[in-house]
Ligand code: C2E
Ligand code: MG
Ligand code: MG
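In the working numbering, the protein residues as written are 172 to 802.
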């Protein structure tokens, strides 16, 4: 193969093109392929082999061939032609290889007579490999081939250097990322990565509506082993523990090392509790099996705390903290066991929860009852109404105040059946009194917002009236201001429906809610019940001109809008006197009577001489003390 000057020029042009191609190559294997193909063509060889120096620099190994060959060829550096070039970096051109003492045939599975072998070097001159072009014929490669292949190998060496450097960089940064996220001793995800993966698992669970379990594992007695047998043994033990934990869960679950002898397992898809319990029990069993470290048998056990998402927490930190919490409970109670997280409740929370469950039974056990508190017209001391106030007579606790259990009933939705029962019972009682000849008076029933908002509320009222036979005009519903704030249209419609039926409507605790005068004007309200907080300060040092002015304004407002105004919580004669002065028509309060049981209420009205014929009888002005007060 003889180069004329022109063809050599062509060769150099070709070389520049190749250089550019080599430069753009990012995949090492592909680059090596390009190198062998191009050099093969460049010197018109029959076969070209590229060797790389191994990491220890003891051997070179064939890495790329111009024509397919998957044989593994390895040569010690310094042995054979390629080995020699790899050793000293000097080009060797054998024109009659078979007769050259340096040549040993068969290394590359090919009987060659001409070999041109050039070193591949980095920019700093370090040898990284060898390129060997072969021809079957002897008399092979010219000086011109030597030159062009040397030039080519310089470029190829640089390209290899650049690509391996980039690869190495990539590998290093991947390694750094791995190290930042993994525990160096066990190779398990560390705390950082655990939190990330757990967040993802919770997210998934949220979307796909399944549960996630977190197992917080702490080894028992590890410190003792570590202290007495040394860190090397401790480390080896931790590695084996990591391995056993991984063996106990699915591939998709997460096993992480939290630090020290603490591990966390995330069971990312939990279908039922039994499976969590089973996995945990198996893990505990696996950890109880002896570990063999440096020829000695070691025994440990573990304490596992479990928390579940979403039952035991809504966030990564909460779920982890609660699992940790449960683990400490296990430690306290003798180790080598597991426990699910349980909410620590303070006493009031415990009572609330207990009351809730009790309240469920209260209705069917007949523990609920109604007390009645008289409402009296100031002008003539006539009984004009009574408010039905619920009481819960719990078998163990005695009387529970509505202030305590009504909010619970609202929270649990129990207020719906309870509220329905109240209306029904109040109607029944009122009708019963009428039937037994007591003067007919209106009964006021408190209605909770939740109850009023129900579509079947009107039906509930109708049913109670129908069942008892009570005329609607003897029933008043006490609504709160808050209740009137919702969807104006449906509320207004309901109120007018109730008016249509003929029941009375009162606003309870008037002045404490989001008072809006708009509804007073628009809605069919009959009665304003002034909240006791305004009345309470009357005649006390807390009384201010403002309170008095406010009371006066409410009374006037009622008068002008043609509504009854009744004051709640009237306890003293002084309060009564002021209320009368400003034109409030009715009162309800301890001054007249506490809320009374059915029997007490009956005797209260039936007392000799009838109920106070006229408040005015009692002086000064009125002799209020003679009005019977029943506790
Ligand atoms: P409320 O409707 O404003 O009832 C008046 C409350 O004031 C009653 O408390 C009554 O016992 C008390 N009271 C009456 N006169 C006086 C007084 O002179 N001084 C003082 N300090 N207090 C007086 P109770 O019976 O504990 O009821 C509290 C609240 O529970 C009621 O306030 C009402 O909002 C609610 N409630 C009672 N029964 C029911 C019911 O059947 N259903 C619903 N949804 N709520 C009810
Ligand atoms: Mg009330
Ligand atoms: Mg009230």
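No residue lacks a Cβ here, since even glycine has one placed at the ideal position from N, Cα and C.
Tell me, to the nearest whole angstrom, how far the beta carbon of residue i is from that of residue j; I am working on the premise that it is less than 8 Å.
i           : j           : result
residue 439 : residue 450 : Not confirmed; about 12 Å, so no contact.
residue 359 : residue 353 : 7 Å
residue 750 : residue 549 : 7 Å
residue 768 : residue 542 : 6 Å
residue 416 : residue 469 : With a Cβ gap of about 16 Å, residue 416 and residue 469 do not count as contacting.
residue 227 : residue 330 : In fact, because the Cβ distance is near 24 Å, the residues do not count as touching under 8 Å.
residue 739 : residue 702 : 6 Å
residue 676 : residue 695 : 6 Å
residue 365 : residue 190 : Actually they are not in contact, since the Cβ atoms of residue 365 and residue 190 sit about 49 Å apart, beyond 8 Å.
residue 447 : residue 387 : Their Cβ separation, rounded to whole angstroms, is 13 Å, which puts residue 447 and residue 387 out of contact at 8 Å.
Quick check on DSSP: helix, strand or coil for residue i?
i           : result
residue 216 : coil
residue 716 : helix
residue 755 : coil
residue 228 : coil
residue 795 : A caution first: residue 795 carries a pLDDT of 41, below 50, which makes its placement in the model unreliable, though a value can still be read off. Reduced to three states, the DSSP call for residue 795 is helix.
residue 307 : coil
residue 186 : helix
residue 422 : coil
residue 561 : strand
residue 508 : coil
residue 495 : helix
residue 761 : coil
residue 678 : strand
residue 283 : coil
residue 399 : helix
residue 264 : strand
residue 353 : strand
residue 643 : helix
residue 591 : helix
residue 449 : helix
residue 272 : coil
residue 711 : coil
residue 376 : helix
residue 700 : strand
residue 333 : helix
residue 540 : strand
residue 735 : strand
residue 787 : In this prediction, residue 787 scores a pLDDT of 40, lower than 50, which makes its location untrustworthy; no coordinate-derived value is stated.
residue 245 : strand
residue 694 : coil
Does the Cβ of residue i have 16 or more other Cβ atoms within 10 Å, making it buried, or fewer, making it exposed?
i           : result
residue 428 : buried
residue 525 : exposed
residue 229 : exposed
residue 219 : buried
residue 175 : Low local confidence applies: a pLDDT of 44 at residue 175 is under 50, so the model's placement there is unreliable, and no value is given.
residue 658 : exposed
residue 529 : buried
residue 513 : exposed
residue 445 : exposed
residue 637 : exposed
residue 395 : exposed
residue 520 : exposed
residue 184 : exposed
residue 572 : exposed
Per the DSSP calculation, residue i is bridged to which residue(s)?
i           : result
residue 556 : 546, 613
residue 435 : 387, 427
residue 468 : 463
residue 236 : 220
residue 651 : 679
residue 571 : 563
residue 478 : 385
residue 300 : 223, 291
residue 473 : 390
residue 441 : 382
Check the Cβ-Cβ distances between residue i and every residue of chain B, and say whether any is below 8 Å.
i           : result
residue 521 : The structure shown has no chain B; it contains just one protein chain.
Query raised in the report: Is there contact here, the stretch 632–652 with the stretch 605–620, by at least three beta-carbon pairs under 8 Å?
Result: Touching, yes.
Requested in this report: Would you check if there are 3 or more beta carbon pairs closer than 8 Å linking the stretch 488–498 to the stretch 455–466?
Outcome: Taking 8 Å as the limit for Cβ pairs, the verdict is that the stretch 455–466 does not touch the stretch 488–498.
Query - Touch test, the stretch 724–734 against the stretch 754–770, Cβ-Cβ under 8 Å, three pairs minimum - result: Under the 8 Å Cβ criterion, the stretch 724–734 counts as touching the stretch 754–770, having at least three qualifying pairs.
Query raised in the report: Would you say the stretch 395–413 touches the stretch 371–385, given that touching needs at least three Cβ pairs under 8 Å?
Result: Touching, no.
Query raised in the report: When the Cβ atoms of the stretch 293–305 are set against those of the stretch 324–340, are three or more pairs found closer than 8 Å?
Result: Counting Cβ pairs under 8 Å, three or more are found: they touch.
Requested in this report: Could you tell me whether the stretch 191–203 touches the stretch 280–296, where touching means 3 or more Cβ pairs closer than 8 Å?
Outcome: With a cut-off of 8 Å, the stretch 280–296 and the stretch 191–203 do not count as touching, because too few Cβ pairs lie within range.
Query - the stretch 303–320 touching the stretch 260–271, judged by at least three CB pairs closer than 8 Å - result: Enough Cβ pairs lie closer than 8 Å, so yes.
Query raised in the report: Any contact of the stretch 230–249 with the stretch 202–214, i.e. 3+ C-beta pairs under 8 Å?
Result: Taking 8 Å as the limit for Cβ pairs, the verdict is that the stretch 202–214 does touch the stretch 230–249.
Query raised in the report: Counting pairs of beta carbons, one from the stretch 532–539 and one from the stretch 554–573, are three or more of them closer than 8 Å?
Result: These segments touch.
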